[in-house]
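One structure below.
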Amino acid sequence: MMKYLQKLGKALMLPVACLPICGILMGIGYALCPATMQGGDIAGVKELIGFFLVKAGGALIDNMSLLFVIGVGVGMADDHDGTAGLSALASWLMITNLLAAGTVTTLMPSIADNTDKLLAFQKIENPFIGILAGIIGATCYNKFKGTKLPDWLSFFSGKRCVAIISGVVSIIVSAVLLFVWPVVFGALIAVGEAVVSLDAVGAGIYAFLNRLLIPTGLHHALNNVFWFDTIGLGDLTNFWAGKTSADVTWDLGMYMSGFFPCMMFGIPGAALAMIHTAKSNKKKVAIGLVASAAVCAFVCGVTEPFEFGFMFLAPVLYLIYAILYGIFTFVTVLLGFRAGFSFSAGATDLVFSASLPAAQKTWLILPLGIAAFIVFYVVFRIMITKLDLKTPGREDDDADETTVKLANDDYTEVAKVVLEGIGGKENVTSLDNCITRLRIEIKDYTKVDEKKIKSAGVAGVIRPSKTAVQVIVGTKVQFVADEMKKML
29 MMKYLQKLGK ALMLPVACLP ICGILMGIGY ALCPATMQGG DIAGVKELIG
79 FFLVKAGGAL IDNMSLLFVI GVGVGMADDH DGTAGLSALA SWLMITNLLA
129 AGTVTTLMPS IADNTDKLLA FQKIENPFIG ILAGIIGATC YNKFKGTKLP
179 DWLSFFSGKR CVAIISGVVS IIVSAVLLFV WPVVFGALIA VGEAVVSLDA
229 VGAGIYAFLN RLLIPTGLHH ALNNVFWFDT IGLGDLTNFW AGKTSADVTW
279 DLGMYMSGFF PCMMFGIPGA ALAMIHTAKS NKKKVAIGLV ASAAVCAFVC
329 GVTEPFEFGF MFLAPVLYLI YAILYGIFTF VTVLLGFRAG FSFSAGATDL
379 VFSASLPAAQ KTWLILPLGI AAFIVFYVVF RIMITKLDLK TPGREDDDAD
429 ETTVKLANDD YTEVAKVVLE GIGGKENVTS LDNCITRLRI EIKDYTKVDE
479 KKIKSAGVAG VIRPSKTAVQ VIVGTKVQFV ADEMKKML
(Lines of atoms letter the chains of each structure in order from A and count residues from 1; the text may use other names and numbers.)
(Lines give C-alpha, C1' and ligand atoms only; values in the text may rest on other atoms or scores of the structure.)
Protein backbone atom coordinates (compact mmCIF):
# COMPACT_ATOMS: atom_id res chain seq x y z
CA MET A 1 0.00 0.00 0.00
CA MET A 2 2.80 2.39 0.92
CA LYS A 3 4.55 1.61 -2.38
CA TYR A 4 1.34 2.47 -4.24
CA LEU A 5 0.97 5.75 -2.32
CA GLN A 6 4.55 6.67 -3.15
CA LYS A 7 3.88 5.99 -6.82
CA LEU A 8 0.78 8.19 -6.58
CA GLY A 9 2.82 10.86 -4.83
CA LYS A 10 5.40 10.88 -7.64
CA ALA A 11 2.62 11.08 -10.21
CA LEU A 12 1.16 14.09 -8.41
CA MET A 13 4.46 15.95 -8.63
CA LEU A 14 3.74 16.60 -12.31
CA PRO A 15 0.56 18.66 -11.73
CA VAL A 16 1.92 20.11 -8.48
CA ALA A 17 4.83 21.57 -10.47
CA CYS A 18 2.24 23.74 -12.24
CA LEU A 19 0.99 25.31 -9.01
CA PRO A 20 3.91 27.52 -7.88
CA ILE A 21 3.38 29.88 -10.82
CA CYS A 22 -0.26 30.41 -9.88
CA GLY A 23 0.81 31.15 -6.31
CA ILE A 24 3.26 33.80 -7.45
CA LEU A 25 0.75 35.40 -9.82
CA MET A 26 -2.09 35.44 -7.31
CA GLY A 27 0.10 36.73 -4.48
CA ILE A 28 1.32 39.69 -6.55
CA GLY A 29 -2.14 40.23 -8.01
CA TYR A 30 -3.92 40.42 -4.67
CA ALA A 31 -1.27 42.81 -3.33
CA LEU A 32 -1.79 45.14 -6.34
CA CYS A 33 -5.56 44.81 -6.42
CA PRO A 34 -7.16 44.01 -3.03
CA ALA A 35 -10.59 44.72 -4.55
CA THR A 36 -10.31 41.42 -6.41
CA MET A 37 -10.68 39.69 -3.05
CA GLN A 38 -12.62 42.19 -1.00
CA GLY A 39 -14.95 43.65 -3.62
CA GLY A 40 -15.25 47.23 -4.82
CA ASP A 41 -14.31 49.13 -7.94
CA ILE A 42 -11.28 48.11 -9.96
CA ALA A 43 -9.80 51.24 -11.48
CA GLY A 44 -6.32 52.40 -12.38
CA VAL A 45 -3.41 50.69 -14.10
CA LYS A 46 -2.05 49.04 -10.94
CA GLU A 47 -5.42 47.51 -10.03
CA LEU A 48 -6.05 46.28 -13.57
CA ILE A 49 -2.63 44.62 -13.68
CA GLY A 50 -3.37 42.99 -10.32
CA PHE A 51 -6.77 41.79 -11.54
CA PHE A 52 -5.13 40.35 -14.67
CA LEU A 53 -2.52 38.45 -12.61
CA VAL A 54 -5.12 37.07 -10.19
CA LYS A 55 -7.18 35.72 -13.08
CA ALA A 56 -4.08 34.20 -14.68
CA GLY A 57 -3.16 32.38 -11.46
CA GLY A 58 -6.77 31.42 -10.84
CA ALA A 59 -6.91 29.67 -14.20
CA LEU A 60 -4.76 26.93 -12.66
CA ILE A 61 -5.82 26.95 -9.01
CA ASP A 62 -9.52 26.94 -9.94
CA ASN A 63 -8.97 23.95 -12.23
CA MET A 64 -6.57 22.09 -9.99
CA SER A 65 -8.73 18.97 -10.14
CA LEU A 66 -8.21 18.77 -13.91
CA LEU A 67 -4.45 19.07 -13.44
CA PHE A 68 -4.61 16.06 -11.12
CA VAL A 69 -6.70 14.11 -13.63
CA ILE A 70 -4.08 14.41 -16.36
CA GLY A 71 -1.06 14.29 -14.05
CA VAL A 72 -2.13 11.15 -12.20
CA GLY A 73 -3.32 9.48 -15.41
CA VAL A 74 0.00 9.98 -17.20
CA GLY A 75 2.20 9.67 -14.10
CA MET A 76 0.82 6.30 -12.98
CA ALA A 77 0.80 4.76 -16.47
CA ASP A 78 3.56 2.18 -16.90
CA ASP A 79 5.23 4.08 -19.74
CA HIS A 80 3.74 7.55 -19.06
CA ASP A 81 1.82 7.45 -22.32
CA GLY A 82 -0.54 10.33 -23.11
CA THR A 83 -3.28 7.81 -23.86
CA ALA A 84 -3.64 7.26 -20.12
CA GLY A 85 -4.13 11.01 -19.62
CA LEU A 86 -6.83 11.08 -22.28
CA SER A 87 -8.54 8.08 -20.66
CA ALA A 88 -8.37 9.80 -17.26
CA LEU A 89 -9.99 12.89 -18.74
CA ALA A 90 -12.75 10.72 -20.22
CA SER A 91 -13.29 9.21 -16.77
CA TRP A 92 -13.43 12.65 -15.11
CA LEU A 93 -15.96 13.98 -17.61
CA MET A 94 -18.08 10.87 -17.22
CA ILE A 95 -18.12 10.91 -13.40
CA THR A 96 -18.61 14.65 -12.93
CA ASN A 97 -21.43 14.78 -15.47
CA LEU A 98 -23.22 11.70 -14.16
CA LEU A 99 -22.94 13.00 -10.59
CA ALA A 100 -23.65 16.67 -11.32
CA ALA A 101 -26.45 18.12 -9.20
CA GLY A 102 -28.74 18.54 -12.22
CA THR A 103 -28.25 14.92 -13.27
CA VAL A 104 -28.75 13.29 -9.87
CA THR A 105 -31.84 15.37 -9.05
CA THR A 106 -33.37 14.13 -12.31
CA LEU A 107 -32.48 10.53 -11.50
CA MET A 108 -33.50 10.88 -7.85
CA PRO A 109 -35.78 13.92 -7.40
CA SER A 110 -35.85 13.50 -3.62
CA ILE A 111 -32.22 14.70 -3.45
CA ALA A 112 -33.37 18.20 -4.42
CA ASP A 113 -35.25 18.41 -1.12
CA ASN A 114 -32.28 17.28 0.96
CA THR A 115 -29.87 20.19 1.47
CA ASP A 116 -26.93 18.06 2.58
CA LYS A 117 -27.18 15.56 -0.29
CA LEU A 118 -27.67 18.33 -2.84
CA LEU A 119 -24.59 20.13 -1.51
CA ALA A 120 -22.58 16.90 -1.79
CA PHE A 121 -23.21 16.65 -5.53
CA GLN A 122 -22.73 20.39 -6.05
CA LYS A 123 -19.16 19.83 -4.76
CA ILE A 124 -18.44 16.77 -6.91
CA GLU A 125 -15.75 18.50 -9.01
CA ASN A 126 -13.02 18.22 -6.37
CA PRO A 127 -9.41 16.96 -6.16
CA PHE A 128 -10.47 13.56 -4.80
CA ILE A 129 -12.60 12.83 -7.88
CA GLY A 130 -9.77 14.15 -10.06
CA ILE A 131 -7.27 11.75 -8.50
CA LEU A 132 -9.80 8.91 -8.71
CA ALA A 133 -10.34 9.57 -12.43
CA GLY A 134 -6.58 9.65 -12.95
CA ILE A 135 -6.19 6.29 -11.22
CA ILE A 136 -9.00 4.80 -13.35
CA GLY A 137 -7.40 6.07 -16.57
CA ALA A 138 -3.92 4.82 -15.64
CA THR A 139 -5.13 1.44 -14.36
CA CYS A 140 -7.21 0.79 -17.46
CA TYR A 141 -4.26 1.78 -19.64
CA ASN A 142 -1.84 -0.52 -17.81
CA LYS A 143 -4.18 -3.49 -18.03
CA PHE A 144 -5.71 -3.09 -21.48
CA LYS A 145 -3.16 -1.24 -23.65
CA GLY A 146 -2.22 -4.51 -25.37
CA THR A 147 -5.74 -5.85 -25.83
CA LYS A 148 -6.32 -7.64 -29.15
CA LEU A 149 -9.87 -7.70 -30.48
CA PRO A 150 -11.43 -9.70 -33.34
CA ASP A 151 -10.70 -8.46 -36.87
CA TRP A 152 -14.06 -6.73 -37.21
CA LEU A 153 -13.23 -4.69 -34.10
CA SER A 154 -9.50 -4.41 -34.72
CA PHE A 155 -9.68 -0.61 -35.05
CA PHE A 156 -10.34 -0.47 -31.29
CA SER A 157 -7.52 -2.84 -30.35
CA GLY A 158 -4.64 -1.82 -28.13
CA LYS A 159 -4.50 1.71 -26.81
CA ARG A 160 -7.66 2.77 -28.66
CA CYS A 161 -9.83 0.65 -26.39
CA VAL A 162 -8.46 2.15 -23.15
CA ALA A 163 -10.68 5.26 -23.10
CA ILE A 164 -13.73 3.11 -23.86
CA ILE A 165 -12.99 0.77 -20.98
CA SER A 166 -12.27 3.75 -18.70
CA GLY A 167 -15.70 5.12 -19.58
CA VAL A 168 -17.40 1.83 -18.70
CA VAL A 169 -15.53 1.62 -15.39
CA SER A 170 -16.44 5.25 -14.65
CA ILE A 171 -20.13 4.51 -15.13
CA ILE A 172 -19.89 1.73 -12.55
CA VAL A 173 -17.93 3.94 -10.15
CA SER A 174 -20.47 6.75 -10.61
CA ALA A 175 -23.32 4.37 -9.77
CA VAL A 176 -21.55 3.45 -6.53
CA LEU A 177 -20.74 7.07 -5.67
CA LEU A 178 -24.36 8.06 -6.30
CA PHE A 179 -25.20 6.33 -3.03
CA VAL A 180 -21.89 6.48 -1.17
CA TRP A 181 -20.84 10.11 -1.75
CA PRO A 182 -23.84 11.82 -0.02
CA VAL A 183 -23.53 9.41 2.94
CA VAL A 184 -19.87 10.32 3.47
CA PHE A 185 -20.60 14.01 2.93
CA GLY A 186 -23.58 13.91 5.31
CA ALA A 187 -21.56 12.11 7.97
CA LEU A 188 -19.04 14.95 7.96
CA ILE A 189 -21.79 17.50 8.38
CA ALA A 190 -23.07 15.50 11.38
CA VAL A 191 -19.55 15.53 12.85
CA GLY A 192 -19.41 19.28 12.38
CA GLU A 193 -22.68 19.77 14.23
CA ALA A 194 -21.36 17.70 17.16
CA VAL A 195 -18.10 19.68 17.29
CA VAL A 196 -19.87 23.04 17.67
CA SER A 197 -20.70 22.38 21.32
CA LEU A 198 -17.02 21.93 22.28
CA ASP A 199 -16.00 25.63 22.08
CA ALA A 200 -12.20 26.10 21.71
CA VAL A 201 -11.58 22.35 21.60
CA GLY A 202 -14.23 22.06 18.89
CA ALA A 203 -12.58 24.83 16.88
CA GLY A 204 -9.28 22.91 17.08
CA ILE A 205 -10.95 19.68 15.98
CA TYR A 206 -12.57 21.49 13.08
CA ALA A 207 -9.25 22.98 11.92
CA PHE A 208 -7.62 19.54 12.12
CA LEU A 209 -10.38 17.90 10.08
CA ASN A 210 -10.42 20.78 7.61
CA ARG A 211 -6.77 20.20 6.69
CA LEU A 212 -7.01 16.42 6.89
CA LEU A 213 -9.83 16.34 4.34
CA ILE A 214 -8.21 18.68 1.80
CA PRO A 215 -7.05 15.79 -0.46
CA THR A 216 -10.61 14.48 -0.81
CA GLY A 217 -12.43 17.78 -1.22
CA LEU A 218 -14.73 16.76 1.64
CA HIS A 219 -13.56 19.72 3.72
CA HIS A 220 -16.27 21.67 1.88
CA ALA A 221 -18.85 19.81 3.94
CA LEU A 222 -17.32 21.04 7.20
CA ASN A 223 -16.75 24.54 5.85
CA ASN A 224 -20.44 24.88 5.07
CA VAL A 225 -21.27 23.90 8.66
CA PHE A 226 -18.94 26.41 10.31
CA TRP A 227 -18.49 29.27 7.87
CA PHE A 228 -21.95 29.48 6.32
CA ASP A 229 -25.52 29.10 7.48
CA THR A 230 -25.93 25.34 7.07
CA ILE A 231 -26.91 24.79 10.72
CA GLY A 232 -27.38 28.39 11.86
CA LEU A 233 -23.72 29.32 12.43
CA GLY A 234 -22.21 31.34 9.59
CA ASP A 235 -18.93 32.38 11.24
CA LEU A 236 -17.67 33.90 8.00
CA THR A 237 -20.88 35.55 6.81
CA ASN A 238 -21.68 37.11 10.19
CA PHE A 239 -18.09 38.32 10.69
CA TRP A 240 -18.09 40.19 7.39
CA ALA A 241 -21.62 41.45 7.94
CA GLY A 242 -20.22 43.63 10.73
CA LYS A 243 -21.71 41.70 13.64
CA THR A 244 -20.03 40.91 16.96
CA SER A 245 -20.16 38.00 19.39
CA ALA A 246 -23.04 39.75 21.15
CA ASP A 247 -25.18 39.25 18.05
CA VAL A 248 -24.62 35.45 17.81
CA THR A 249 -24.52 32.45 20.13
CA TRP A 250 -20.78 31.70 19.75
CA ASP A 251 -17.49 33.61 19.87
CA LEU A 252 -17.56 35.16 16.41
CA GLY A 253 -14.48 34.43 14.34
CA MET A 254 -13.33 31.41 16.34
CA TYR A 255 -13.63 29.08 13.34
CA MET A 256 -11.41 31.24 11.12
CA SER A 257 -8.82 32.87 13.38
CA GLY A 258 -6.58 29.84 13.96
CA PHE A 259 -5.79 29.48 10.27
CA PHE A 260 -3.92 32.81 10.12
CA PRO A 261 -0.76 31.92 12.11
CA CYS A 262 -0.57 28.51 10.41
CA MET A 263 -0.95 29.73 6.84
CA MET A 264 0.99 32.98 7.14
CA PHE A 265 3.89 31.71 9.26
CA GLY A 266 3.59 27.97 9.85
CA ILE A 267 3.78 27.03 6.18
CA PRO A 268 6.88 29.19 5.53
CA GLY A 269 8.50 27.50 8.56
CA ALA A 270 7.64 24.05 7.22
CA ALA A 271 8.86 25.05 3.75
CA LEU A 272 12.19 26.19 5.18
CA ALA A 273 12.55 22.83 6.94
CA MET A 274 12.00 21.04 3.63
CA ILE A 275 14.63 23.19 1.95
CA HIS A 276 17.17 22.65 4.74
CA THR A 277 16.62 18.85 4.70
CA ALA A 278 16.73 18.53 0.89
CA LYS A 279 19.74 16.81 -0.62
CA SER A 280 22.49 19.25 -1.55
CA ASN A 281 22.12 18.66 -5.29
CA LYS A 282 18.34 19.08 -5.12
CA LYS A 283 17.94 22.16 -2.96
CA LYS A 284 17.14 24.30 -6.00
CA VAL A 285 14.37 21.88 -6.94
CA ALA A 286 12.97 22.05 -3.40
CA ILE A 287 13.16 25.84 -3.35
CA GLY A 288 11.34 26.02 -6.67
CA LEU A 289 8.49 23.86 -5.40
CA VAL A 290 7.95 25.13 -1.86
CA ALA A 291 9.33 28.68 -1.59
CA SER A 292 6.83 30.27 -3.96
CA ALA A 293 4.08 28.17 -2.34
CA ALA A 294 5.06 29.60 1.07
CA VAL A 295 4.88 33.17 -0.27
CA CYS A 296 1.49 32.40 -1.76
CA ALA A 297 0.21 31.05 1.58
CA PHE A 298 1.48 34.13 3.45
CA VAL A 299 0.05 36.72 1.08
CA CYS A 300 -3.33 35.25 0.14
CA GLY A 301 -3.77 32.00 2.08
CA VAL A 302 -3.69 29.66 -0.93
CA THR A 303 -2.12 26.52 0.56
CA GLU A 304 -2.75 23.79 -2.04
CA PRO A 305 0.56 24.34 -3.94
CA PHE A 306 2.38 23.56 -0.68
CA GLU A 307 0.13 20.78 0.63
CA PHE A 308 -0.16 18.74 -2.54
CA GLY A 309 3.61 18.94 -2.88
CA PHE A 310 4.11 16.49 0.00
CA MET A 311 0.83 14.99 1.24
CA PHE A 312 1.14 11.84 -0.88
CA LEU A 313 4.91 11.62 -0.70
CA ALA A 314 4.82 11.71 3.12
CA PRO A 315 1.25 11.06 4.40
CA VAL A 316 2.39 10.74 8.03
CA LEU A 317 3.87 14.23 7.83
CA TYR A 318 0.62 15.57 6.42
CA LEU A 319 -1.21 14.07 9.40
CA ILE A 320 1.14 15.92 11.77
CA TYR A 321 0.60 19.06 9.69
CA ALA A 322 -3.17 18.80 10.24
CA ILE A 323 -2.65 18.20 13.98
CA LEU A 324 -0.56 21.39 14.23
CA TYR A 325 -3.47 23.33 12.72
CA GLY A 326 -5.75 21.92 15.40
CA ILE A 327 -3.35 22.84 18.21
CA PHE A 328 -2.73 26.39 17.01
CA THR A 329 -6.44 27.00 16.44
CA PHE A 330 -7.17 25.87 20.00
CA VAL A 331 -4.47 28.19 21.40
CA THR A 332 -5.52 31.09 19.17
CA VAL A 333 -9.14 30.88 20.31
CA LEU A 334 -8.13 30.78 23.98
CA LEU A 335 -5.85 33.81 23.62
CA GLY A 336 -8.64 35.87 22.08
CA PHE A 337 -7.10 36.61 18.68
CA ARG A 338 -9.97 37.16 16.24
CA ALA A 339 -9.73 37.79 12.51
CA GLY A 340 -11.80 36.70 9.56
CA PHE A 341 -11.35 36.00 5.89
CA SER A 342 -13.52 36.33 2.84
CA PHE A 343 -11.08 34.31 0.71
CA SER A 344 -8.48 32.63 2.92
CA ALA A 345 -6.25 33.28 5.93
CA GLY A 346 -3.49 35.31 4.30
CA ALA A 347 -2.01 38.70 5.08
CA THR A 348 -4.39 40.48 2.69
CA ASP A 349 -7.52 39.29 4.47
CA LEU A 350 -5.95 39.92 7.87
CA VAL A 351 -5.36 43.57 7.02
CA PHE A 352 -8.88 44.13 5.75
CA SER A 353 -10.64 42.18 8.50
CA ALA A 354 -8.77 44.00 11.27
CA SER A 355 -11.12 46.98 10.98
CA LEU A 356 -14.32 44.93 11.39
CA PRO A 357 -16.20 45.02 14.74
CA ALA A 358 -15.61 41.33 15.53
CA ALA A 359 -11.82 41.59 15.12
CA GLN A 360 -9.98 41.29 18.44
CA LYS A 361 -6.31 41.44 19.48
CA THR A 362 -5.02 41.26 15.91
CA TRP A 363 -1.59 42.31 17.17
CA LEU A 364 -1.26 38.77 18.54
CA ILE A 365 -0.54 37.58 15.01
CA LEU A 366 3.13 38.50 15.61
CA PRO A 367 3.82 36.30 18.67
CA LEU A 368 1.47 33.60 17.39
CA GLY A 369 3.12 33.75 13.97
CA ILE A 370 6.65 33.52 15.37
CA ALA A 371 5.60 30.55 17.49
CA ALA A 372 3.96 28.86 14.50
CA PHE A 373 7.04 29.42 12.32
CA ILE A 374 9.35 27.88 14.93
CA VAL A 375 7.07 24.96 15.82
CA PHE A 376 6.30 24.03 12.21
CA TYR A 377 9.99 24.29 11.29
CA VAL A 378 11.21 22.16 14.20
CA VAL A 379 8.49 19.51 13.89
CA PHE A 380 8.89 19.20 10.12
CA ARG A 381 12.68 19.04 10.30
CA ILE A 382 12.66 16.37 13.02
CA MET A 383 9.98 14.29 11.27
CA ILE A 384 11.67 14.49 7.87
CA THR A 385 15.13 13.54 9.12
CA LYS A 386 14.16 10.93 11.73
CA LEU A 387 11.73 9.10 9.45
CA ASP A 388 13.69 9.79 6.25
CA LEU A 389 10.54 11.13 4.59
CA LYS A 390 10.65 11.69 0.83
CA THR A 391 9.64 15.34 0.76
CA PRO A 392 10.59 17.50 -2.26
CA GLY A 393 14.34 17.30 -2.77
CA ARG A 394 14.74 14.03 -0.85
CA GLU A 395 13.91 11.48 -3.55
CA ASP A 396 15.68 8.12 -3.54
CA ASP A 397 18.19 9.03 -6.23
CA ASP A 398 21.64 9.51 -4.73
CA ALA A 399 23.63 12.68 -5.28
CA ASP A 400 26.21 11.03 -7.57
CA GLU A 401 23.64 9.38 -9.82
CA THR A 402 23.49 12.44 -12.06
CA THR A 403 27.19 12.17 -13.01
CA VAL A 404 27.26 8.57 -14.27
CA LYS A 405 29.59 7.97 -17.24
CA LEU A 406 28.24 5.18 -19.46
CA ALA A 407 30.71 2.81 -21.13
CA ASN A 408 29.15 3.54 -24.52
CA ASP A 409 27.33 6.51 -26.04
CA ASP A 410 25.33 4.06 -28.12
CA TYR A 411 22.18 3.86 -26.01
CA THR A 412 20.94 0.89 -28.01
CA GLU A 413 24.05 -1.06 -27.07
CA VAL A 414 23.79 -0.02 -23.41
CA ALA A 415 20.13 -1.08 -23.32
CA LYS A 416 21.03 -4.40 -24.97
CA VAL A 417 23.69 -5.18 -22.36
CA VAL A 418 21.41 -4.24 -19.47
CA LEU A 419 18.57 -6.31 -20.89
CA GLU A 420 20.86 -9.34 -21.25
CA GLY A 421 22.03 -8.90 -17.67
CA ILE A 422 18.48 -8.70 -16.44
CA GLY A 423 17.72 -12.11 -17.92
CA GLY A 424 16.36 -11.12 -21.31
CA LYS A 425 12.99 -9.71 -22.29
CA GLU A 426 11.23 -12.91 -21.21
CA ASN A 427 12.22 -12.12 -17.62
CA VAL A 428 10.82 -8.57 -17.66
CA THR A 429 7.23 -7.86 -16.59
CA SER A 430 7.40 -4.04 -16.60
CA LEU A 431 9.87 -1.22 -17.23
CA ASP A 432 9.78 2.33 -15.92
CA ASN A 433 12.29 5.05 -15.16
CA CYS A 434 12.70 8.02 -12.86
CA ILE A 435 15.22 10.86 -13.21
CA THR A 436 18.32 8.64 -13.06
CA ARG A 437 17.22 4.99 -12.73
CA LEU A 438 15.67 2.19 -14.70
CA ARG A 439 13.01 0.54 -12.53
CA ILE A 440 12.39 -3.01 -13.73
CA GLU A 441 9.96 -5.64 -12.47
CA ILE A 442 11.15 -9.21 -13.16
CA LYS A 443 9.89 -12.80 -12.95
CA ASP A 444 12.98 -14.74 -11.82
CA TYR A 445 15.62 -13.00 -9.70
CA THR A 446 18.12 -15.83 -10.20
CA LYS A 447 18.51 -14.86 -13.87
CA VAL A 448 19.88 -11.40 -13.01
CA ASP A 449 23.61 -11.01 -13.70
CA GLU A 450 24.77 -7.84 -11.94
CA LYS A 451 28.30 -8.13 -13.36
CA LYS A 452 26.89 -8.16 -16.89
CA ILE A 453 24.68 -5.13 -16.16
CA LYS A 454 27.59 -3.14 -14.68
CA SER A 455 29.69 -3.85 -17.79
CA ALA A 456 27.48 -1.28 -19.55
CA GLY A 457 29.06 1.42 -17.39
CA VAL A 458 26.11 1.97 -15.09
CA ALA A 459 26.78 3.25 -11.57
CA GLY A 460 25.13 0.40 -9.75
CA VAL A 461 22.37 -2.14 -9.39
CA ILE A 462 19.86 -2.11 -6.54
CA ARG A 463 17.50 -5.00 -5.80
CA PRO A 464 14.72 -3.79 -3.42
CA SER A 465 12.89 -7.13 -3.63
CA LYS A 466 12.91 -10.48 -5.47
CA THR A 467 10.77 -9.01 -8.24
CA ALA A 468 12.36 -5.57 -8.58
CA VAL A 469 15.67 -4.32 -9.97
CA GLN A 470 16.84 -0.71 -10.21
CA VAL A 471 19.72 0.15 -12.55
CA ILE A 472 21.44 3.52 -11.93
CA VAL A 473 22.07 4.95 -15.40
CA GLY A 474 22.27 8.69 -14.72
CA THR A 475 20.51 11.61 -16.36
CA LYS A 476 20.60 9.87 -19.77
CA VAL A 477 18.31 7.16 -18.43
CA GLN A 478 15.40 8.23 -20.65
CA PHE A 479 17.35 7.41 -23.83
CA VAL A 480 18.35 3.98 -22.52
CA ALA A 481 14.79 3.31 -21.34
CA ASP A 482 13.39 4.23 -24.77
CA GLU A 483 15.73 1.83 -26.51
CA MET A 484 15.00 -0.97 -24.05
CA LYS A 485 11.24 -0.46 -24.51
CA LYS A 486 11.71 -0.99 -28.23
CA MET A 487 13.49 -4.26 -27.51
CA LEU A 488 10.67 -5.37 -25.23
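Counting in the numbering used here, the sequence shown runs from 29 upward without gaps. Beta carbons: idealized from backbone N, C-alpha and C, even for Gly. Keep in mind that this is a model prediction, so the values were computed, not measured.
Contact belief for ILE70 with ALA63 at Cβ below 8 Å, rounded distance in angstroms: Between the beta-carbon of ILE70 and that of ALA63 there is about 5 Å, and that keeps the pair under the 8 Å contact cut.
Within 8 Å, strictly: CB atoms of MET284 and PRO420: In this structure, PRO420 does not lie closer than 8 Å to MET284 by Cβ.
Contact set for LYS475: own chain, Cβ-Cβ below 7 Å, skip 5 residues either direction: Within its own chain, the residues whose Cβ lies closer than 7 Å to the Cβ of LYS475, once the five positions on either side in sequence are excluded, are GLY451 and ASN455, listed in chain order.
Closer than 7 Å: PHE156 CB and nearest the ligand GTP heavy atom: This structure lacks the ligand GTP; in fact it carries no ligand of any kind.
CB-CB length for GLY85 against LEU53, believed under 8 Å: Yes, GLY85 and LEU53 are in contact; Cβ-Cβ is about 3 Å, under 8 Å.
Helix, strand or coil at LEU237 [DSSP, three-state]: In the three-state reduction of the DSSP assignment, LEU237 falls in the helix class.
CB of VAL201 within 8 Å of CB of ILE123, strictly: Cβ distance < 8 Å, so VAL201 and ILE123 count as in contact.
For GLU469: DSSP bridge partner residues: SER458 and ALA496.
Continuous alpha helix (DSSP H) stretch holding ALA161: start and end: Start and end: 155–172.
Beta-ladder partner(s) of VAL489, from DSSP: Paired residues: VAL499.
THR457 classed as buried or exposed, judged by whether at least 16 other C-beta atoms fall within 10 angstroms: When all chains shown are included, THR457 counts as exposed.
Short Cβ contact (8 Å threshold) for GLY165 with SER115: Yes, Cβ-Cβ distance for GLY165 and SER115 is below 8 Å.
First through last residue of the alpha helix (DSSP H) which encompasses GLY376: At residue 376 the sequence reads Thr, which differs from the Gly that was named. Note, THR376: alpha helix (DSSP H), 375–381.
At least three beta-carbon pairs within less than 8 Å, the region 214–226 to the region 338–354: Not touching, per the Cβ criterion.
Any 3 or more C-beta pairs closer than 8 Å across the region 398–407 and the region 291–308: The way I'd put it, the region 398–407 does touch the region 291–308; three or more beta-carbon pairs between them come closer than 8 Å.
Cβ pair LYS479, GLU448 closer than 8 Å: No, Cβ-Cβ distance for LYS479 and GLU448 is not below 8 Å.
The region 358–377 in contact with the region 274–294 per 3-pair CB rule at 8 Å: They touch, by the three-pair rule.
Bridge-paired residues (DSSP) for GLN150: DSSP, once it has assigned bridges, lists no residue as partnering GLN150.
Rounded C-alpha distance that separates LYS414 from ASP477: Each residue's alpha carbon lies about 35 Å from the other.
Cross-strand partners of GLN388 (DSSP beta bridge): By DSSP's assignment, GLN388 forms a beta bridge with ARG366.
As assigned by DSSP and simplified to three states, the class of ASP275: ASP275 falls in the helix class under three-state DSSP.
Limits of the alpha helix (DSSP H) - the one that VAL132 falls within: For VAL132, the enclosing alpha helix (DSSP H) starts and ends at 129–135.
Residue closest to GLY110, alpha-carbon to alpha-carbon, out of THR131, VAL190 and THR272: Distance from the Cα of GLY110 is smallest, within the candidate group THR131, VAL190 and THR272, for VAL190.
Among VAL407, VAL486 and THR464, the one whose alpha carbon lies nearest that of LYS444: Here the closest residue by C-alpha is VAL486.
N- and C-terminal bounds of the alpha helix (DSSP H) containing LEU264: According to the DSSP assignment, LEU264 belongs to the alpha helix (DSSP H) that extends over 263–268.
Every unbroken alpha helix (DSSP H) inside the region 194–242 [4 residues or more]: Counting only runs of 4 or more, we get 227–240.
Bounding residues of the alpha helix (DSSP H) (the contiguous stretch that carries PRO333): Counting along the chain, the alpha helix (DSSP H) containing PRO333 begins and ends at 332–335.
ALA325, enclosing alpha helix (DSSP H) - first and last residue: Annotation: the continuous alpha helix (DSSP H) that includes ALA325 extends over 311–328.
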